[in-house]
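Visitor: If you're matching them up, the sequences are chains F and R in order. If you're matching positions, the first sequence starts at 1 in this note's numbering and goes up one per residue. If you're matching positions, the second sequence starts at 318 in this note's numbering and goes up one per residue.
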Amino acid sequence: MSEIKKIKNLKEFSTSADRFEGANLLCPGCAHSIIVREILNATNDDLILSSSTGCLEVCTAVYPYTSWDASWIHIGFENSSTAIAGAEAMHKALKAKGRLKQDRDPKFVAFGGDGASYDIGFQWISGCFERGHDMMYVVLDNEVYANTGGQRSSSTPIGSSATTSPAGRVSYGEKMNKKDMLSIMAAHGSPYVAQVAPNKWKNMIKAVQQGLNIEGPTFINAMSACTTEWKFDPADTVAISDLATDSLVFPLYEIIDGKELNITYRPKNIVPVEEYLAAQGRFKHLFKDQYKYLIKEWQERVDSNWEYLQRREEARV
Amino acid sequence: MAFDKMELRDIEVWDGNFAAAQALRQAQVDVVAAYPITPSTPIVEGYAKFKADGYVEGEFVMVESEHAAMSGCIGAAAAGGRVATATSSQGLALMVETLYQASGMRLPIVLNIVNRALAAPLNVNGDHSDMYLCRDSGWIQLNAFNAQEAYDLNFVAFKVSEDHDIRLPAIVNQDGFLTSHTAEGVKTLSDDDAYGFVGDYKPMNDMLDLDHPVTHGVQTEEDWHFEHKARQHNDLMVKVLPKIEEAFADFENLSGRKYNLVEKYDMDDADVVVVCMGSSVETAREVALEMREKGIKAGVLGLRVVRPFPFMEIAEALKDVKAIAALDRSSPNGAAGMLFNEIAGALINIDTKALLSGYVYGLGGRDLTKAHLTDLFTELQANVDAGKLTTKQQQFIGVRGPKLSFL
Numbered sequence: 001m002s003e004i005k006k007i008k009n010l011k012e013f014s015t016s017a018d019r020f021e022g023a024n025l026l027c028p029g030c031a032h033s034i035i036v037r038e039i040l041n042a043t044n045d046d047l048i049l050s051s052s053t054g055c056l057e058v059c060t061a062v063y064p065y066t067s068w069d070a071s072w073i074h075i076g077f078e079n080s081s082t083a084i085a086g087a088e089a090m091h092k093a094l095k096a097k098g099r100l101k102q103d104r105d106p107k108f109v110a111f112g113g114d115g116a117s118y119d120i121g122f123q124w125i126s127g128c129f130e131r132g133h134d135m136m137y138v139v140l141d142n143e144v145y146a147n148t149g150g151q152r153s154s155s156t157p158i159g160s161s162a163t164t165s166p167a168g169r170v171s172y173g174e175k176m177n178k179k180d181m182l183s184i185m186a187a188h189g190s191p192y193v194a195q196v197a198p199n200k201w202k203n204m205i206k207a208v209q210q211g212l213n214i215e216g217p218t219f220i221n222a223m224s225a226c227t228t229e230w231k232f233d234p235a236d237t238v239a240i241s242d243l244a245t246d247s248l249v250f251p252l253y254e255i256i257d258g259k260e261l262n263i264t265y266r267p268k269n270i271v272p273v274e275e276y277l278a279a280q281g282r283f284k285h286l287f288k289d290q291y292k293y294l295i296k297e298w299q300e301r302v303d304s305n306w307e308y309l310q311r312r313e314e315a316r317v
Numbered sequence: 318m319a320f321d322k323m324e325l326r327d328i329e330v331w332d333g334n335f336a337a338a339q340a341l342r343q344a345q346v347d348v349v350a351a352y353p354i355t356p357s358t359p360i361v362e363g364y365a366k367f368k369a370d371g372y373v374e375g376e377f378v379m380v381e382s383e384h385a386a387m388s389g390c391i392g393a394a395a396a397g398g399r400v401a402t403a404t405s406s407q408g409l410a411l412m413v414e415t416l417y418q419a420s421g422m423r424l425p426i427v428l429n430i431v432n433r434a435l436a437a438p439l440n441v442n443g444d445h446s447d448m449y450l451c452r453d454s455g456w457i458q459l460n461a462f463n464a465q466e467a468y469d470l471n472f473v474a475f476k477v478s479e480d481h482d483i484r485l486p487a488i489v490n491q492d493g494f495l496t497s498h499t500a501e502g503v504k505t506l507s508d509d510d511a512y513g514f515v516g517d518y519k520p521m522n523d524m525l526d527l528d529h530p531v532t533h534g535v536q537t538e539e540d541w542h543f544e545h546k547a548r549q550h551n552d553l554m555v556k557v558l559p560k561i562e563e564a565f566a567d568f569e570n571l572s573g574r575k576y577n578l579v580e581k582y583d584m585d586d587a588d589v590v591v592v593c594m595g596s597s598v599e600t601a602r603e604v605a606l607e608m609r610e611k612g613i614k615a616g617v618l619g620l621r622v623v624r625p626f627p628f629m630e631i632a633e634a635l636k637d638v639k640a641i642a643a644l645d646r647s648s649p650n651g652a653a654g655m656l657f658n659e660i661a662g663a664l665i666n667i668d669t670k671a672l673l674s675g676y677v678y679g680l681g682g683r684d685l686t687k688a689h690l691t692d693l694f695t696e697l698q699a700n701v702d703a704g705k706l707t708t709k710q711q712q713f714i715g716v717r718g719p720k721l722s723f724l
């Protein structure tokens, strides 16, 4: 059973013991560090962690330094899931053989970017979930290969300008819709999957705690606003995140046992998608006359998805 | 203990795969993460059956690819326990990225490679292309010539790999089908003796030591990367071979079976010598004895340790030989063979007049026959008589069509 932290307010939360050091090389305004701190602070349990190659990894474990005050492993781009699954298997083996050094059960959490998770590491995650390892997989979803300078991934949304799907004289940028990773992971039969965002921190802590408390492979897709590639002022990370959740571009919901969908955040005032797009340089070209129709399509897509989520919630499917 | 021991006869009839599976069982591996591929599959299947029958207490994780198999092994090894797996050929090729990560992270893991050709064209039979593919990967590589050795060398591999002075992963190679699927008499160790030899796993920098968190798999750029790689190479060059010899000596005390870094057969007065690996060593030994009946002083050198390459022992063994053939069971694809290159490197700066030629043979499971080896020894003797190479430096043997030779 996970030891749930009682968190009263943001001040208490931000000053509680921290196993992820502020001393790291992530960009000012990077949401990764906010998310990781929130997740590590959500529990008093011992943690065994992994990261795939990417921003989080290259910015937190540069020899001879480390930002991690919990055991952490990085192997490669595609296998943070299997790395932590291997550690989890070893824990199980040593527990059965009576060889654990401490009589405590840690939680196993893997981090990966959207490139590492939606693309190159997809098979590894799928394997881990099919096998039912007792672990949590967290995507730091900034919708782009940020560590290598902004190439498109299968999480990059339509109309976004990425370096390998750039907007240009005859192109509006990325042509494909974002992959629906949450549904895919729910379809694996995961007992708990949730989409979270760091600006809604209480919501996020609750989801993480729920995931950690359930035995089996759980999945968290965390929106991670990227000041560098989304192109906004580093001071605006939370404001941009608010626009994402309140415009419902990034709806917050959970799916339990692959069936029961619950919307976990309903904005009081729904913001037009246009405001979210207008706040970021990656969508700037959409405001040219020739591409304005795409903004309308964006809104229709978001509305339709919101309606779909509500229908599923109501139907309990 | 929640597992049963197995009563073995002194000599069991096992093939190389089952011998390796038995060794993994007896070593009481904590985690095996594996993926099946011909011809190594029976190792994994055998282990799975041991688990299903209650002879194994550790975790057996059947993953979705060889890359994931080694990824899981790395995570498990870093967590702090005994880890092993098995693969072949394409599986090893898929695994290669993680091989370098395992060794660079200094994690002890034992990998059984049942050697098989690499596609294209697709081929399931034995050659050493996969062994060569990972020769620079920083793993210790041992080489078994038969099922008995595939069994014995697994114990040695665990002992050396897990030693705190070494902490490097180790491969045990055996020939696909010729060794892996050929049943022969294998002298066994009792479960207690086998485990006693390998010993309890002693964790180091283990992630599961919850009171002492560790960071594994860091980033180093131009400031530190070179030092890490240099230290790893240094340990391979300086520390590993003495440790293997120590383990061989301990193993001889236990089993009576003696192993050496290079195995010398009829080498004391040999003029002409074949150097090779795997099951070919035994064929070559038989032919060498026949050559001696014909008056040719033939000998065979079998390479027991492929990495680190035993340069000094090779040089010592070959310095008085007059003609040497290096047999590579892998296409060098535009160069001399690995064995040729390394032997040349071992001999170039010592006082020897030995003539060295290279032979590429047996690709994709093509037989190396006694007739081939008879011709080969005869050719070497002709070189000795002529005082120079009478053939081109590199030849292909056993391939159809016009004779292929180069250099």
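From the three backbone atoms N, C-alpha and C, an ideal C-beta is built for every residue, glycine too.
Spatial neighbours of R:F475 within its chain, please: CB distance less than 6 Å, with the 5 preceding and 5 following residues excluded, ordered by chain position.
Guide: Result list for R:F475: A344, V427 and V515, in chain order.
Visitor: Taking any Cβ of chain R, which residues in the segment 43 to 62 of chain F have a Cβ under 8 Å from it, in chain order?
Guide: Per Cβ criterion, the list reads D46, I48, S50, E57, V58, A61 and V62.
Visitor: Apart from the five residues just before and just after F:D46, which ones in its own chain have a Cβ nearer than 6 Å to its Cβ?
Guide: R104 and P106, listed in sequence order.
Visitor: Under 8 Å, with one C-beta from each stretch per pair, do the segment 614 to 627 of chain R and the segment 665 to 675 of chain R reach the 3-pair mark?
Guide: Not touching, per the Cβ criterion.
Visitor: On a CA-only basis, which of R:E544, R:V441, R:D567 and R:D585 is nearest R:T355? Give me that one, please.
Guide: Nearest option by C-alpha distance: R:V441.
Visitor: Which stretch, first to last residue, makes up the beta strand (DSSP E) that contains R:Y676?
Guide: First-last of the beta strand (DSSP E) with R:Y676: L672 to Y678.
Visitor: Any C-beta of chain F within less than 7 Å: which residues of the segment 522 to 548 of chain R qualify?
Guide: Flagged, chain order: M524, L525, D526, L527, D528, P530, V531, T532, H533, G534, V535, Q536, T537 and W541.
Visitor: Mark F:N221 as exposed unless 16 or more other C-beta atoms lie within 10 angstroms of its C-beta, in which case mark it buried.
Guide: Per the 10 Å Cβ criterion, buried.
Visitor: Are the C-beta atoms of F:H74 and some chain R residue less than 7 Å apart?
Guide: With 7 Å as the cut-off, F:H74 counts as an interface residue toward chain R.
Visitor: Could you tell me which chain R residues have their CB closer than 9 Å to the CB of F:S327, listed as they occur along the chain?
Guide: Residue 327 of chain F is absent from the structure shown; chain F starts at 1 and stops at 317.
Visitor: Please list the partners that R:C390 has in chain F, where partner means a Cβ-to-Cβ separation under 8 Å.
Guide: Those within 8 Å of R:C390 in chain F are G86.
Visitor: Tell me F:C27's beta-bridge partners as DSSP assigns them.
Guide: None; F:C27 has no bridge partner.
Visitor: Using a Cβ-Cβ distance cut-off of 7 Å, determine whether R:E381 contacts chain F.
Guide: Taking Cβ atoms only, chain F reaches closer than 7 Å to R:E381, which makes this a yes.
Visitor: With a threshold of 7 Å on Cβ separation, who are the neighbours of F:G150 within its own chain once the five nearest residues in sequence on each side are excluded?
Guide: Only V144, A162, T163 and E229 meet the Cβ criterion.
Visitor: Does DSSP classify F:S171 as helix, strand or coil?
Guide: Correct three-state label for F:S171: strand.
Visitor: Comparing alpha-carbon positions, which option in F:E297, F:E130, F:T264 and F:I7 lies nearest F:A187?
Guide: Considering only alpha carbons, the answer is F:E130.
Visitor: According to DSSP, is F:T43 part of a helix, a strand, or is it coil?
Guide: Looking at F:T43 - three-state DSSP - the assignment turns out to be strand.
Visitor: Please give the ranges of any beta strand (DSSP E) in the segment 354 to 414 of chain R, keeping only runs that are unbroken, at least 3 residues long and fully inside the region.
Guide: Counting only runs of 3 or more, we get 376 to 379 and 400 to 404.
Visitor: Going along the chain, which residues of its own chain have a beta-carbon closer than 6 Å to the beta-carbon of F:I73, five neighbours each way excluded?
Guide: Same-chain partners within the cutoff: S50 and A83.
Visitor: Tell me which same chain residues have a C-beta within less than 8 Å of the C-beta of F:M1, skipping the five on either side of it?
Guide: With a pLDDT of 47 at F:M1, under the threshold of 50, the modelled position of that residue is not reliable, and no figure is offered here.
Visitor: Chain B beta carbons: is any one of them nearer than 7 Å to that of F:L40?
Guide: Here the protein chains are F and R, and chain B is not one of them.
Visitor: Find the nearest neighbour of R:S571 within the set R:K504, R:N432 and R:V400, judged by alpha-carbon distance.
Guide: The sequence shown places Leu at residue 571 of chain R, rather than the Ser named in the question. Looking at the Cα atoms, R:K504 is the closest of the given residues.
Visitor: Output yes or no for whether 7 Å exceeds the beta carbon distance between R:D645 and R:G651.
Guide: For R:D645 and R:G651, no; Cβs fall outside 7 Å.
Visitor: For my contact list, R:M594 and R:N460 are in at a C-beta cut-off of 8 Å; report their separation, rounded to the angstrom.
Guide: Confirmed, Cβ separation roughly 5 Å.
Visitor: List the whole-angstrom C-beta distance separating R:L523 from R:G392, where the pair is believed to meet the contact cut-off of C-beta under 8 Å.
Guide: According to the sequence shown, residue 523 of chain R is Asp rather than Leu. That belief does not hold up - the Cβ atoms of R:D523 and R:G392 are roughly 12 Å apart, past 8 Å.
Visitor: Quick check: does the Cβ of R:G363 come within less than 6 Å of any heavy atom belonging to the ligand PLP?
Guide: The ligand PLP is not part of this structure, which contains no ligands at all.
Visitor: Please list the partners that F:R37 has in chain R, where partner means a Cβ-to-Cβ separation under 9 Å.
Guide: Here the premise fails: no neighbours, minimum Cβ distance about 16 Å.
Visitor: Buried or exposed: R:V753, going by 16 or more other Cβ atoms within 10 Å of its Cβ?
Guide: Within the shown structure, residues of chain R are numbered from 318 to 724, placing residue 753 of chain R beyond reach of any answer.
Visitor: So, at 6 Å on beta carbons, what are the nonlocal neighbours of F:E274 in its own chain, with the 5 sequence-adjacent residues on each side left out?
Guide: Correct list, in chain order: I295.
Visitor: Determine the DSSP secondary structure at R:T708, reduced to helix, strand or coil.
Guide: Three-state DSSP puts R:T708 in coil, outside helix and strand.
Visitor: Spell out whether any CB of chain R is found under 7 Å from the CB atom of F:H32.
Guide: No - not a single Cβ of chain R is within 7 Å of the one on F:H32.
Visitor: Which two residues bound the contiguous alpha helix (DSSP H) that contains F:Y192?
Guide: Here F:Y192 belongs to no alpha helix (DSSP H); instead the beta strand (DSSP E) covers Y192 to V196.
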